[in-house]
Every structure is written in structure tokens, then in C-alpha cells.
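K.L.:
Here's a structure for you.
Protein chains: 6
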Amino acid sequence: MSQPVLYSELPWPEAERRVREGAPLFLPLGATEQHGRHMALGTDLVLPTAIAVRAARRVGGLVLPGIAYGNRSQPKTGGGPAFPGTINITANTFSLIVRDIICDLHRQKARRIVTVNGHYENVWPTIEGIELALDAIGRDKARDLTILRVDHWDMIRKETLERVFPDGYPGIELEHASVLETSMMLALRPELVDLTQAVHDGPASFLPYDRYPEPPAEVPASGVLSLTEGSAAEKGEWLLKDCEDGIVNIVNREFPSG
Amino acid sequence: MSQPVLYSELPWPEAERRVREGAPLFLPLGATEQHGRHMALGTDLVLPTAIAVRAARRVGGLVLPGIAYGNRSQPKTGGGPAFPGTINITANTFSLIVRDIICDLHRQKARRIVTVNGHYENVWPTIEGIELALDAIGRDKARDLTILRVDHWDMIRKETLERVFPDGYPGIELEHASVLETSMMLALRPELVDLTQAVHDGPASFLPYDRYPEPPAEVPASGVLSLTEGSAAEKGEWLLKDCEDGIVNIVNREFPSG
Amino acid sequence: MSQPVLYSELPWPEAERRVREGAPLFLPLGATEQHGRHMALGTDLVLPTAIAVRAARRVGGLVLPGIAYGNRSQPKTGGGPAFPGTINITANTFSLIVRDIICDLHRQKARRIVTVNGHYENVWPTIEGIELALDAIGRDKARDLTILRVDHWDMIRKETLERVFPDGYPGIELEHASVLETSMMLALRPELVDLTQAVHDGPASFLPYDRYPEPPAEVPASGVLSLTEGSAAEKGEWLLKDCEDGIVNIVNREFPSG
Amino acid sequence: MSQPVLYSELPWPEAERRVREGAPLFLPLGATEQHGRHMALGTDLVLPTAIAVRAARRVGGLVLPGIAYGNRSQPKTGGGPAFPGTINITANTFSLIVRDIICDLHRQKARRIVTVNGHYENVWPTIEGIELALDAIGRDKARDLTILRVDHWDMIRKETLERVFPDGYPGIELEHASVLETSMMLALRPELVDLTQAVHDGPASFLPYDRYPEPPAEVPASGVLSLTEGSAAEKGEWLLKDCEDGIVNIVNREFPSG
Amino acid sequence: MSQPVLYSELPWPEAERRVREGAPLFLPLGATEQHGRHMALGTDLVLPTAIAVRAARRVGGLVLPGIAYGNRSQPKTGGGPAFPGTINITANTFSLIVRDIICDLHRQKARRIVTVNGHYENVWPTIEGIELALDAIGRDKARDLTILRVDHWDMIRKETLERVFPDGYPGIELEHASVLETSMMLALRPELVDLTQAVHDGPASFLPYDRYPEPPAEVPASGVLSLTEGSAAEKGEWLLKDCEDGIVNIVNREFPSG
Amino acid sequence: MSQPVLYSELPWPEAERRVREGAPLFLPLGATEQHGRHMALGTDLVLPTAIAVRAARRVGGLVLPGIAYGNRSQPKTGGGPAFPGTINITANTFSLIVRDIICDLHRQKARRIVTVNGHYENVWPTIEGIELALDAIGRDKARDLTILRVDHWDMIRKETLERVFPDGYPGIELEHASVLETSMMLALRPELVDLTQAVHDGPASFLPYDRYPEPPAEVPASGVLSLTEGSAAEKGEWLLKDCEDGIVNIVNREFPSG
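Protein chains in written order, with the numbering used here: chain Y, 241 to 498; chain H, 241 to 498; chain G, 241 to 498; chain B, 241 to 498; chain E, 241 to 498; chain V, 241 to 498.
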């Protein structure tokens, strides 16, 4: 299992061989989005890429270049499209990227694709992109293809959340730029986190509806929806381990001979 | 407040007057989607339309014709696009419908729009449609416009859920065609519910990822994700009352002179 | 023939069975458009829906939820897109709705579709939507599918027009919100017509060209292109009967075992 | 009035000057479509181009390069998209061509545009293209622009029709490749008409609905919907004169200082 | 080889026969773009059309109606989209035109298509249009189709360039409206060239990057990128002969039985 | 000038400040495309990213996340879309990515954008994406924005090419995966180059036209269009220095106070 895992670092004969032999292809889906005053804008791509690399090493997979621009950030899940620093693309463009990549992977006979998503707002345009690809390929011809769609936070086990949040888990919906993401970044790229800059102006309290074009003033000024307090690299490792294990289990289950 | 509330039943001079006077315009967003062996395919439009009508009566609003075709059903939230009876449209088409309607309402000087959604898969393409409308109108010019986006289930109060589920609320994510929707339909349109046909083959237990093109066989054969047992018209009334009150409160808050 | 006819009111097992047994599926295509000072904005959907229901009862068909938003109104046929009360969508969006619905009906093995149109401006984007659906399905695979496209006014017999207009028929092109539509609405939904509000400022006299962006001032202020005088529920029944019979004949001819 | 009229034959300084001085710009819209066994496929562009040239000479206008590919032919108006020889483009593409040309003409300060259409199926996508252009330009900014949309057959006077058809006019809807078009082509380009090849297998008798994907077998094998008998160059001249005069009158009325 | 070559001038039975017998179909791709103070705006369509006609005569081919509106002009290759007189369409629209035409030619069983391009900016959207057509047709079904894409300037032999430019060839990239195009136009349509209007303000000297929205002021005021001096009809004939021979050779090579 | 240069590694307050202060934003445009048997698939993104980083350090700029998927590879410039390992996206999708990013950068008040391209096939859809962004922003409002579009190979000076190719420069058109790219990769990421795998089966000799769907068999089997012989890290440094200097000069010229 010591083979290289980054698709973009292979020459074509090696990529062709690996794809032909059935290597699962991991596609990290991220964003460029504010993650609080204390953490890098690229967090949503750093995390799924790192998780995909770890999983790929264990299952003989390859990690494709990630998508660094995500579907429009929303106030309740990422601060909103107007937050400084965030760069949004439209849902349609995001779906077309996913569609085109899957279509072309299918053309070159890839049959095992795993999208690993790190940005909540990507969930729906990824689904749409996959469906559009299946339409374009033709539902009949697409039968030899399997696409798995994973959001990394769904890999985290309940036991781990209880360890990370001994006082109770505030829920995934407020976890943007908060303890989960901060801890994983501390484990992976501590130089991209500066907890001294963390401002404790959360947790956000959201109204049960959306307003456009001017959203209610409910996103904390820092951009952190919940809390950063209690973030730690060690916790990040627990979480990353869950994500890695979860994906490895899924791949082994779905691609038995992988 | 005894004015008519259905936009489509007004002649144009009346519609023009009401819009000019600031009547909030409610746009019900639904679907044509399986809702178990016991309930009508149109449930997702019946509910938000009925709720919008009740709210409109109290705030002097108008209810626009609803959208009866929803964004592609997903296995975990509605049984999936391949379930018999379900008619799916694409995310892009759904977004364009929302965009076009908002643009044209703005053209005719409507300034207060409330989308009332009854189909989970519509959430994201509705957001996209609103953003596309704001882009098309021009962000500067759109400043005189307010669009509120409401999912009816978010209006239900915690206290009511505790009354409806004395043994604990299984969570909104499994509520498709289950006690909440069934009870509200029993209250509104009992002839569209036949509990003798309800099959208790749930609750669904979902894997923490999606698979395409063939989803895992995890949707109960009935299409009911959770349970129908315990559904009752009386509970439905409690829930509808919450939805109505919730929207009335939002409208009063956001459109003070409404 | 006493089976229910509204698709949206069936539970999925019933819908599936009816589709499998070859029930023709009627798709009403309407609009939300000014129909004079005396008649409801929803007229263009009320009429084809009612006609489709009557025909469906006789041929064992099902009526799908109708499309309430029509392609941009034009001055010469409906008052134009800027008339108060009218809500326009673009031709492209309308075509995509038709395309998506047909594609998904084909996916669930529907083979007999009848669009019943009540808004003149929908004619061309409906044709385009059907062609786009055939392209998307694949012309080879679409051979098992038959789509009939009907404009309800084409079902009216010459003899009936002579009875309705003993002094001569002014022609369908000026019939917007005039005697034909008003009479049918009086027969179907008299509460949505108030002839005391009818203003006799027509008939319209159109220049033989279009002008954009500002159309010539040729639409009567009332929005009625011809006359309402002489409208009567009884005449409406004659007309509706023609529409119903015409569609029943077409269905029996095209779907012999229907 | 002896200035050149073909835009494409001018060098840019001359085109710039003419546009700046307010020359109306005529855009011929045609098709490549079967016109019977006796007439050229390009008829639908030959006619509006010739008419535009004649009108342009009299009003100091310029004729832009014409669009030779038209929106999908339909059985009842041109033989249908599957007729041999016909080359169809989609409604969306046709609309985008019209949109792009108008937007770019507006950019270079053209303010007077006249589309002259020779293909019935182009009517609706031309309207849509104009509306899309106005949306793209911005309705406010588009106020200095006037677009006139003319179908050449609407310019023909009743008196002329009575002269051409002394036994009664069969109606424009069957006139495809019939006496009107054939006569005008005989007047303009007699070498593109060979009446010895005309087959008298019409007139077409159409059912009052459309069927897809296989249209009813109702188009005469020749492709001529009505009759060619009685076609004559002299009649063609009468008709062309009407078209020319009609457009000149419109331009003089709409662009008084033109 | 004395058969007619213009597709639009044939009646449909003749077009059908020629296509069935394998006649190569030439599609000229042009533009409406400034070509200096001395030459017509339509140059980019005149040239490929004339070349296609000459080649078609020798190989029994047919020339389809050309596309007169090209992809956005760029400063370095045609003066830029803002140059007076130029009418630009978008890359997407241009691609869709090419896609639609190819799809429909395939539908009517054309199997040999040759695009002959005269506008540099068309190169890429033509490629995209061809690929989109192949996607729409289906790569499997498209195997019976061959599309050749030719830019006419690539047909010019080195020997001819040396004869035309005895002092050295300045390179194709500056040849817009310069000696090559001017000479060919002098040979074909001398009335569309007025060398007395040629201004010698070139050659252009371009910066090695593009700037938007305001391009650097590097296009000579005349619009001629290089020189017109030395243009001559005789040289034009040499060049046209090369283009004609080049295409004839390609067609004979690729369509041996053509 | 020791500030961090990677946008994705900054927290939002820092990104906001830098953008507000006028830092030029560099957007690397790449591809995932075969680069011979000896070099990594990601070459086309590695190069412009590294060049942008070097330039950004000197001018106080920021480097945005790069685009790793490029417009369809073509045989003559990259081996073609069907070459193993290459992952193509469509021109339209690529343009929309560029459009969306520019629009959103403009929204957050970025006024200085520099695209740095490393994949020839991206040139045209990048131009289109920029133009679409300017259309979407509005040409008036876009006046405060400057976008520079650079292809890195245009930064290489003639003197350097003469040093790299003492026997004569074969021309940029064959340089795919050849000496220039290989040398720069040897300088930057030697572990992604394995010259022992280089196969000398070039240079490619291309026919002067394209053929679809099956291109002529003219791409060398290795995918290298020219030669790799003579590649050296030292030469790569010369080339990178040119690219860096070239961009620094452009930025200093265009953004004087940068």
C-alpha cells in the first residue's frame, strides 16, 4: 500500500494502470470560505483532501485534484455569501464541474468514484452534478459505474463526539469553524490556526427562516458559528481517524475486491 | 381580514391594488412525490398551500399558485427519484422557475415575497433561484425587495413536538410521510389519507453516505421513512397551528406595517 | 369509469398501477395572466384542467398537476408581459419544465401523455420542451412513447362557434378574456367572473408588427381583446362539451385500447 | 437614396457613420427548409432579405447578414423537422443568436432595429431573443432602443390577396411553399423555381393536434402544404411590393426622422 | 462536376439525393468584423464561402449557408469586440449553432462534413460545438460521421507565402485585414476593397498579455494589424488556389470514394 | 514583502485587509493532462501556481486557489481529450468557473486580478469567462476592475529561448511536455519528473486540419509532442525567472501603486 496517492503527481501510464486495476478515485470537494478570525480560508478543502489521502493509502486509491471553490456560502452554515474573504460560485457551475469530471472519468474507464465533501453547501449541487453525469452518460451505460458521495462529518462516530464534547454536542449545524473543524486543522496544519485570534462571540442563534437580499444580523462577527474553545490537535486526530476509518469501511464494503 | 387570499382567483385590478398596498405574496413550493401507501402524491403541495392560506388570511396576504413539481427526491428524505409515482424535475429547472417568478413579481412592484416550502429537496434550489433572481434584478435595485424563505417544518415548536411524540421525537430527517405529515393531512384532507393501507416496515435505517446510480436498498418498501402510527387529525391541527402562527409572527416582524 | 382522476390525490401504488395499465396522463398547461377586469387571473389553468378532468373521466385517464405559470404574455394575445397582475416566465424555463416532466414520466414507464394547453403563448415552448425531452430520452428509446399536444380552442367545432356567435365569429386571435373564455368560466366557476366589472373598450385593433421594448398602445385598458357581451354559462357548456368530446375522440383514436 | 444597403459590404467607417446617423438596421430571419419539389431550400431567407433590401433602399437603411438556419420546422407550417433537406436548430439557440446580435448592436449604439422574418417557426424564438436582449441590456438602458418585429406575410394587403386568389384565399396557415412564396420567388429568383417539378398532392388536411415523436402522416409527400397552381412572377411582384411598402410605412411611422 | 454546389439553391429531392450519395457538406464559418478602412465587414465569410465553393465544385460537394456572425473579436487578432462595425456573438452561442447544425445533418444521414473557417476567434468555439454535437449524438452513434475542421489560412503553402512576401512573412498572427485577406478579396470581390482608403498605421505591436475591460491602446486606428501594401489580385489568386487545392486534397484523402 | 501569499492560508480578516489595500490577486489556471511518460499529470497547474507565487512575493500579491481541471485537451496541443490520464471539462463549464470567481471577487471589492494560465486550451474559455463576468457585473460598474490575462509561455524572452535551444527553437506549438515544461518542472518539482521514462518518439507532425470524432494518429504514443532531450533544471530556472520577471513587470506597469 505504499503506492503514491495523488493522481496529479502520476505520469499517465501509471494513472491509466491504477484506474484499470480498479483503484477508487477520491474527489475532494471544498470551498474558499471564512472560517473565523483564527483559521484559514481553505479549511474546507484541506480537511477532505487530508482525509481522502489517508483513506486512499489504505485502500489503494487515488486522490484527484480537489475543487477549491464551493457553492454559495449560506449564513446559517458558513456565514453567508457576503462574508469577507469567502469566494462563492453558483450551484449550477458547481454541478457542471462535478458532472464534467465524472463524465470524463467514465470515458477513461474509471468505475469507482468517491466524492469527499468538506463544505455543507456543496451537498446539493454535488447530488445534482452526479445525476446530470448519469443523464449524460446514459442510465444504461452508467450501470458499470459506482459513485459514492460522502460528507466527512457523517463519518464521525457518536462515541467520538461524546469524547470531544463531554458537556454535550451542540449539533453539526453550528459546527462551522468551531471545535470540530478547528481541532482537525490543529492536527493537520497547525500553522493555519491561530487560537489567539479566536473571538468568543458565539454561538449563533438563528431565526427559523432565511431573508434575502439582506440576511438577519445573526452571524457572529467573527464568523464562528459555535465555539472554538476546547479545540485541540489530539481531538482533531480522533476525528480524522473516524473520517478515515469510515471511508475505508465504506470502500471495502462497496468495492469488495478494491 | 375577510379579503380573498388566492391570487389566481382575483381579477387584475384587485391583484394590482393588493400588491401596491403591500400584501405579502406567499409562494407555496411542493412536489409530486410518493408519501407511503396510505397518502396522496400531492401532500408536499397541499400542506404549504394550506398553511400559506391560513397565514395569508391573518396578515392580509395573497397566496400565489404553487409549484407542484419538486427538485429530485432523494432516498433519505423522500424515497429517491426512482420511487414509483414520484415526478422529479432538475435542480436547475426548479431554480429557474423560482428566479423567473421573483423577477416578474419585482417587475410588477411586489416587494414582499414569502416562499413556503413543503419538500425538503427544494431547499437548495430555492435558495439558488432567489440568488439568481437578485443577480438578474441587480443587487442595487433589489434593495427594495424582501424575500423570506420558510420551510414549514421549522415553524413547529418544540413543545408541540413533545406533545405529538410523548415517547420522543425521532427527528425531522425521518419524518417523510410519517406522523407529522400524516397528521396534518388528516386534519386538512382526510379523504387523501387511508391509514388502513399504512404498512409498518420502517423506520428506515440509512447508511452514512449516498450511492449512485443504484442507491442502497434502505428505503422501506412502503416509502414511509419512519412511522405512521399515532397519526391523528387533532395532532395535525396542533402542527398546522404552529406553522400558521410561526409564519404570521415572521411576517409581522419583517413587514411591520403589513 | 368512476376511478379518481387527479394524479396528485392518489397514493403511489394506485398511480403506479394506473400508469402501468396505460392510463393516458393529461398535463394541463396554463398561466397566471390578466383576463379583463371581470375575470380571474387563473383562467388559463382553470379551463384546461377542467377539460382534462372531464375527458379523463371518460377515458380512464389521470390528470397531472397543472403548470400555473405560462410563457411571457404577448400584447396581441394576452395583453403583454407588462400588464398588471400577469406573472411571466421565460420560454426557456417553460420548455425545461415540460422537458423534465416528460423525461421523468417516461422513466416511470408512462407511454401516453396528453398536454392540454390553455394559454396561447405556451404553444411554442411546449413544442420545444417535447422535442428536448425526446432528445434527452433518445429518439430510439422514445419510440414507445406518444405525446399528444392539444390547444383546447382547437377542439371547438365550427357549428358551435356559429351558435355562440350568431353574428359571426371574430376569430380566435382576439378571443383573449372574451366570449369564449368568459362563457366557459361562467359554466365552471361563476364566482370567478363578475360581468358587472366588464368594460367594453374593445375590440383591440393591432398593428401588423410588434414593437419592443415599448409596445404600441393598442391593448384595450381593460385587457379584454374582443368583447364579453353575450357571454353565458350555457354557451360555456357547449364549448366545454366540444373540448371534452374532441379530446376523448383524439385519445380513442390514438390509444385504441385506452 | 443611392447608398449601399448591405452592411457586410461596407468598410467599418461607413457602417459606423450610417449607424450613428440613425439608419434602420434590418435583420432578415430565415431558414433552410424544404419548399416543395419545385423550389429551393433557401426560400425563407431569400424572401425577407430581398424585401429588406428594397425597403432599406427607400428609407436609407442597412441590411444585416441574415440568419440562414431557422427554428425547428413543424409539420403544419413547414413539413416538420424530419423532412429531407430541412436543417433545424433549437429554439434556444435561435433565441440566443437574436439576443447576442441585438445586444452587440446596442453596444455599438444602434438604436433602430427591424427584424424581417420569413419562417413561421421563428416567430416565438425571435420574441424570446428580443426579450432576453432587453433583459441583458437592462430595461432602463434599453429605453433608447426600438426593435420592430415584422413577419413579411403580415405586410400583404387584403386587396392583393383577393387579386392573387380570385377564388378565395386558403389562409396563411397552408401557404408554405405554395402560391405566395412561389410567386415571390418567381419574381425574384426564377432560376430557383422549377414549376415542372411541382406535384399537386395537396392541400394538406391537418388534425387539430400534434403528435410526437411520430407526427401523423398528413404532410403531402411533396412538402407543399397548399397549391402551387396559379403561381406567377407578376403576382409575386404585387406581393413583394406590399411587403416593401408595408415595411417602409412602418419605418416612417416609427422612426419619423429616419 | 457541373452540378450545383449551393445547398440552399437546391430543392429538397436533389439535396436528399446528393447527401445520400455522399457529397461532402462544407459549412463556411465567418464573422461580421472590421477589416480596415479599405475592406468590407463581411470579408471573413466571403473568403471561406468562395473557397468552399471552388473546392466543392471539384469534389462533388455542397456548400451549406454560412455563419455570418462570429465569436467575439479579440484585439490581437481582429481589433477587439468594441471596434466600430464589428458584431460579436458569444462563444456559447456560436458553439450551439455548430452543435445544432451538425446534429441535424447527422439526423438526415449526412456523414461527411467540412467546416471551413475564415475568422480566427471561431477556432475554439467550433471545436467545442463539434464536441457538443458528438456528445448529443452519442459517441457510439457518431462513429459513422466524419467532421473535418479547416482554417483556410492553414491551407496556404510555404512556397506561396514566400512568393507573396518576398521580404519575409510577418506571421499569420498579424495578418488580419492585411496582405493575405486583402489580396484574396481583390481577386474575388474587388468592388469590396478600396485601397485608396488604406491607412498605413501598422503593424500593430502587442503587449504579451490581455487587459480587460479596457484593452491596451495597441490596435492601429485603421483596424489593419499589419500592412496592406503589396496586396494584389494576382497574389490573391495564388492564395485562393492553395486553399482550394488544400481542401480538395484533404477531402480526397479522407473521403476516398468522394 | 515577506507577507504570506496563499489566499487560502489566510484567515478572513487578513484576506480582507490585503484585498482592500490593493493586493493583486493571481488566479492560476491549469489542467489535469498527460505530460508524457516521464512527467506528472498536474504539470499545467504546478507551473502557473509556482510562477504566480514567485511574482506575488515581489509585488505584495495573493495567489488564489488554482483551477486543476482544464478545457478539453486537443491533439495538436496536448494529446487530445481521449489520451489516458487526461481529465477534460467543457469550455462552457470552464468559462463559468472563471466568470463566477471574477464576479465574486468584484463583489468583495477586489479590483486587480491576474489570471496566470498554464494550459493552452484554456486561453479561449478564459477570455469568454472574463467577458461573461463583465457582462454580469455590468460594463459600467466593471470600470473600476482590471483583469490581466497572462499565458506563462508568453513571458519567456527570445534571448532565453535561444539559450535553451542553441540549435533553434521548434516553436511553442509543439512544446507540450517537451523541453520547456520539463525543464521548469525539473527546477520546481524534480520528484515529479523521471527522465528515464522519456520516450523519444517525436516530434509530432500534424496534418493542417482537425478530424472528429477520430483524430488522425499523429500524436506520438508517449504524448510528448516535441522532445525532452536537453531538459535541465538550470534551464528551467532561466525560464521561470523570465515568467516571474515578466509578470512582475506587467503588474508594476498596470498597477503602478501596487
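Think of the CB as a built atom: it goes at the ideal place given N, C-alpha and C, for glycine as much as any other residue. All figures in this text were calculated on a predicted structure; none of them were measured in a lab.
On the three-state DSSP scale, how would you describe glycine 310(G)?
P.N.:
Locating residue 310(G) in the third sequence gives position 70, counting from the first residue. Strand, per DSSP.
K.L.:
Which bits of chain V does glycine 486(E) rub up against, with CB to CB less than 9 Å?
P.N.:
Within the fifth sequence, numbered from 1, the residue matching residue 486(E) stands at position 246. Those within 9 Å of glycine 486(E) in chain V are Pro448 and Tyr449.
K.L.:
Would a C-beta distance cut-off of 8 Å place serine 418(V) and alanine 473(V) closer than the cut-off?
P.N.:
Here residue 418(V) refers to the residue found at position 178 when the sixth sequence is read from its first residue. Here residue 473(V) refers to the residue found at position 233 when the sixth sequence is read from its first residue. For serine 418(V) and alanine 473(V), no; Cβs fall outside 8 Å.
K.L.:
Taking only three categories from DSSP, how would you classify aspartate 434(Y)?
P.N.:
Walking along the first sequence from the start, residue 434(Y) turns up at place 194. Note: aspartate 434(Y) maps to coil in three-state DSSP.
K.L.:
Report all residues from its chain with a CB closer than 8 Å to the CB of leucine 336(G); omit the five preceding and five following residues, and keep chain order.
P.N.:
Position 96 of the third sequence, counted from the start, is the residue given in the question as residue 336(G). Excluding positions up to five away in sequence, the list reads Gly369 and Leu372.
K.L.:
With 8 Å set as the bound, which would you pick, yes or no: does the beta-carbon of arginine 379(V) sit closer than that to a beta-carbon of chain E?
P.N.:
The residue you call residue 379(V) lines up with position 139 of the sixth sequence. Chain E, which has a Cβ nearer than 8 Å to the Cβ of arginine 379(V), makes this yes.
K.L.:
So is arginine 260(Y) buried or exposed if we call it buried at 16+ other beta carbons inside 10 Å?
P.N.:
Translated into positions along the first sequence, residue 260(Y) becomes position 20. The residue in question, arginine 260(Y), is exposed, as its Cβ has fewer than 16 Cβ neighbours within 10 Å.
K.L.:
May I ask you to report which of helix, strand or coil DSSP gives proline 365(V)?
P.N.:
Against the sixth sequence, residue 365(V) aligns to sequence position 125. Here proline 365(V) sits in helix by DSSP.
K.L.:
Between the segment 283-297 of chain E and the segment 328-343 of chain E, do three or more beta carbon pairs fall short of 8 Å?
P.N.:
no
K.L.:
Name, please, each residue of chain E whose Cβ falls closer than 9 Å to the Cβ of asparagine 332(V).
P.N.:
Numbered from its first residue, the sixth sequence carries residue 332(V) at position 92. Simply Ala331, Asn332, Ser335, Glu368 and Leu372.
K.L.:
Any contact between the segment 262-270 of chain V and the segment 268-284 of chain Y? By contact I mean 3 or more CB pairs, one from each, below 8 Å.
P.N.:
no
K.L.:
Between the Cα of aspartate 450(H) and the Cα atoms of Gln243(Y), Trp364(Y), Lys481(Y) and Val404(Y), which residue gives the shortest distance?
P.N.:
The residue labelled residue 450(H) in the question sits at position 210 within the second sequence. Ranking Gln243(Y), Trp364(Y), Lys481(Y) and Val404(Y) by Cα distance to aspartate 450(H) puts Trp364(Y) first.
K.L.:
Taking only runs that begin and end inside the segment 389-475 of chain B, name each unbroken beta strand (DSSP E) of 3 or more residues, in chain order.
P.N.:
Taking only runs of at least 3 residues, the beta strand (DSSP E) segments lying wholly in the segment 389-475 of chain B are 450-452.
K.L.:
Around the Cβ of proline 225(E), are there at least 16 other Cβ atoms within 10 angstroms (buried) or fewer (exposed)?
P.N.:
With chain E represented from 241 up to 498, any question about residue 225(E) goes unanswered, as that position is not in the structure.
K.L.:
In the structure shown, what three-state DSSP assignment does phenylalanine 266(E) receive?
P.N.:
The residue you call residue 266(E) lines up with position 26 of the fifth sequence. Collapsing the DSSP output to three states places phenylalanine 266(E) in a strand.
K.L.:
Pull out every residue of the segment 452-463 of chain Y whose Cβ sits closer than 7 Å to any Cβ of chain H, in chain order.
P.N.:
Tyr452 and Pro453
K.L.:
So, isoleucine 353(E) versus isoleucine 387(E), is the Cβ gap smaller than 8 Å?
P.N.:
What you label residue 353(E) is simply residue 113 of the fifth sequence in a count that begins at 1. What you label residue 387(E) is simply residue 147 of the fifth sequence in a count that begins at 1. Taking C-beta atoms as the reference points, isoleucine 353(E) and isoleucine 387(E) count as a pair closer than 8 Å.
K.L.:
Relative to chain G, which residues along the segment 249-272 of chain H have a C-beta separation below 7 Å, given in chain order?
P.N.:
Listed by position, the residues of the segment 249-272 of chain H near chain G (Cβ gap below 7 Å) are Glu249, Leu250, Pro251, Trp252, Pro253, Ala255, Glu256 and Thr272.
K.L.:
According to DSSP, which residues form a beta bridge with valine 303(H)?
P.N.:
The count along the second sequence starts at 1 and reaches residue 303(H) at position 63. Answer by DSSP bridge pairing, in chain order: Leu246(H) and Phe266(H).
K.L.:
Along the chain, where does the alpha helix (DSSP H) containing threonine 317(Y) start, and where does it finish?
P.N.:
The sequence position of residue 317(Y) within the first sequence is 77, counting from 1. Taken as a continuous stretch (DSSP letters only), the alpha helix (DSSP H) holding threonine 317(Y) covers 315-318.
K.L.:
Return no unless some Cβ of chain E is closer than 8 Å to the Cβ of asparagine 489(B).
P.N.:
By 1-based counting over the fourth sequence, the position of residue 489(B) is 249. Answer no: the Cβ-Cβ gap between asparagine 489(B) and chain E never drops below 8 Å.
K.L.:
I want to verify the contact list: residues of chain G whose CB lies under 8 Å from the CB of isoleucine 341(H), in sequence order.
P.N.:
Against the second sequence, residue 341(H) aligns to sequence position 101. What isoleucine 341(H) touches in chain G: Tyr309, Ile327 and Ile329.
K.L.:
Between Gly301(E), Leu420(E) and Pro324(E), which has its C-alpha nearest alanine 255(B)'s C-alpha?
P.N.:
Mapped onto the fourth sequence, residue 255(B) falls at position 15. The residue with the shortest Cα to Cα distance from alanine 255(B) is Pro324(E).
K.L.:
Please return the same chain residues whose Cβ sits closer than 7 Å to the Cβ of proline 456(B), not counting the five positions on each side in sequence.
P.N.:
Here residue 456(B) refers to the residue found at position 216 of the fourth sequence. Here the set comprises Leu447.
K.L.:
How should aspartate 384(H) be labelled, buried or exposed, when 16 other C-beta atoms within 10 angstroms of its C-beta is the threshold for buried?
P.N.:
Position 144 of the second sequence holds residue 384(H). The residue is exposed, with fewer than 16 neighbouring Cβ atoms inside 10 Å.
K.L.:
For a contact defined as C-beta to C-beta under 8 Å, what are the partners of proline 410(Y) on chain V?
P.N.:
On the first sequence, residue 410(Y) is found 170 positions in, with the first residue counted as 1. Near proline 410(Y) there are no residues of chain V at all, since even the closest Cβ is about 22 Å away, more than 8 Å.
K.L.:
What's the C-alpha gap between valine 258(Y) and serine 471(E)?
P.N.:
To locate residue 258(Y), count along the first sequence from 1; it is residue 18. To locate residue 471(E), count along the fifth sequence from 1; it is residue 231. In the sequence as presented, valine is not what sits at residue 258(Y); that position holds arginine. Spanning the two alpha carbons is a distance of roughly 58 Å.
K.L.:
Check the DSSP bridge columns for threonine 272(Y) and list the partner residues they point to.
P.N.:
For the purposes of this step, residue 272(Y) is taken as residue 32 along the first sequence, with counting starting at 1. Threonine 272(Y) is bridged to Ile327(Y).
K.L.:
So, do the segment 300-308 of chain B and the segment 394-404 of chain B have three or more beta carbon pairs nearer to each other than 8 Å?
P.N.:
no
K.L.:
Beta-carbon separation of proline 430(E) and glycine 358(E) under 8 Å?
P.N.:
Within the fifth sequence, residue 430(E) is the residue found at index 190, counting from 1. Within the fifth sequence, residue 358(E) is the residue found at index 118, counting from 1. Result no, Cβ atoms of proline 430(E) and glycine 358(E) do not sit closer than 8 Å.
K.L.:
Taking the alpha-carbon of glutamate 355(Y) as reference, which of Ser445(H), Tyr452(H) and Ile341(H) has the nearest alpha-carbon?
P.N.:
If you number the first sequence from 1, residue 355(Y) lands on position 115. Reading off the sequence shown, one finds threonine at residue 355(Y), where the question assumed glutamate. Nearest C-alpha to threonine 355(Y): Tyr452(H).
K.L.:
Since I believe leucine 281(E) is in contact with glutamine 274(E) (beta carbons under 8 Å), could you give me their beta-carbon distance rounded to a whole number of angstroms?
P.N.:
In the fifth sequence, residue 274(E) corresponds to position 34, counting from 1. In the fifth sequence, residue 281(E) corresponds to position 41, counting from 1. Right, their Cβ atoms sit about 6 Å apart.
K.L.:
Given a cut-off of 8 Å on the beta-carbon distance, is the pair serine 497(E) and glycine 262(E) in contact?
P.N.:
Taking the first residue of the fifth sequence as 1, we reach residue 497(E) at position 257. Taking the first residue of the fifth sequence as 1, we reach residue 262(E) at position 22. In this structure, glycine 262(E) lies closer than 8 Å to serine 497(E) by Cβ.
K.L.:
By the criterion of Cβ-Cβ separation under 9 Å, what are the contact partners of arginine 277(G) in chain B?
P.N.:
By 1-based counting over the third sequence, the position of residue 277(G) is 37. Simply none; closest approach about 26 Å.
K.L.:
Note down, in chain order, every chain B residue with its Cβ under 8 Å from the Cβ of alanine 280(E).
P.N.:
On the fifth sequence, residue 280(E) is found 40 positions in, with the first residue counted as 1. Going along chain B in sequence order, the residues near alanine 280(E) (Cβ under 8 Å) are Ser248, Glu249, Leu250 and Pro251.
K.L.:
Give me the chain Y residues within the contact set of isoleucine 387(H), using Cβ-Cβ distance strictly less than 9 Å, ordered along the chain.
P.N.:
Here residue 387(H) refers to the residue found at position 147 of the second sequence. Those are Asp450, Arg451, Tyr452 and Pro453, listed as they occur along chain Y.
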